[in-house]
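Since the structure comes first, as structure tokens, the remarks are kept for the end.
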Amino acid sequence: MIPYLHLANKIVAEKGHKVTFLIPKKAQKQLEPLNRFPNSILFDTTVTLPHVDGLPDGAETTSDVPKASKRLLFDAMDLLRDEVQVKVRALKPDLIFFDFVDWVPEMAKELGVKSVSYQIVSASCIAMFLAPGAELGRPPPGYPSSKLALRGHDANLCSLASLIAPNFFLTVSPRALRTATFSP
């Protein structure tokens, strides 16, 4: 959420626009100290995440749940659509920035509001996350390019990254490493 607040501080609030964040109370405590324009950037914490069986009590954000339970958080967020739609209708925004809540574009369109998916990770990371696991085992035809040449330190960095963050979104397929040309 911090990158969204940075965006609001830098691009939106400095231009005189008003920004409203629909966020849980816990997140407000983290964001308030970073809000450079408290008169223009407001936090609405009245939307409460509904309980979903298996979701830990008090869970409100992705940082509150283990990786295996994130789907439950997304399911709970899906239950917020009607409540959020009422809020958005009342706010009458010109634009909605959103991250992973997939129903926002459809809701925004129904209300005549533009929406922008603002991701804080690269497109390649998102693609790796969204691709079915079976597709990750083999790169698409022509990828990686036969012109790809990893230098020794690049390969070492890939190895180190896989040890430090094995569950990170960005991965290098074993086939890509086998077919790459290494140079010192």
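The working numbering applies: residue 49 is where the sequence shown begins, and numbers increase by one.
We treat Cβ as the ideally placed atom computed from N, Cα and C, and that holds for glycine.
These numbers were taken from a predicted model, which means no experiment stands behind them.
Distances from the alpha-carbon of Ser163 to those of Val169, His65, Met155 put Met155 closest. In the structure shown, Lys162 falls within a strand segment according to DSSP collapsed to helix, strand and coil. For Pro104, the number of other beta carbons within 10 angstroms of its own is below 16, and it is reported as exposed.
A straight-line Cα-Cα distance of about 14 Å links Asp142 and Gly64.
Put simply, the stretch 128 to 136 does not touch the stretch 105 to 120. Fewer than three CB pairs are less than 8 Å apart. In the three-state reduction of the DSSP assignment, Ile59 falls in the helix class, which pools H, G and I. According to the DSSP assignment, Leu90 belongs to the beta strand (DSSP E) that extends over 89 to 92.
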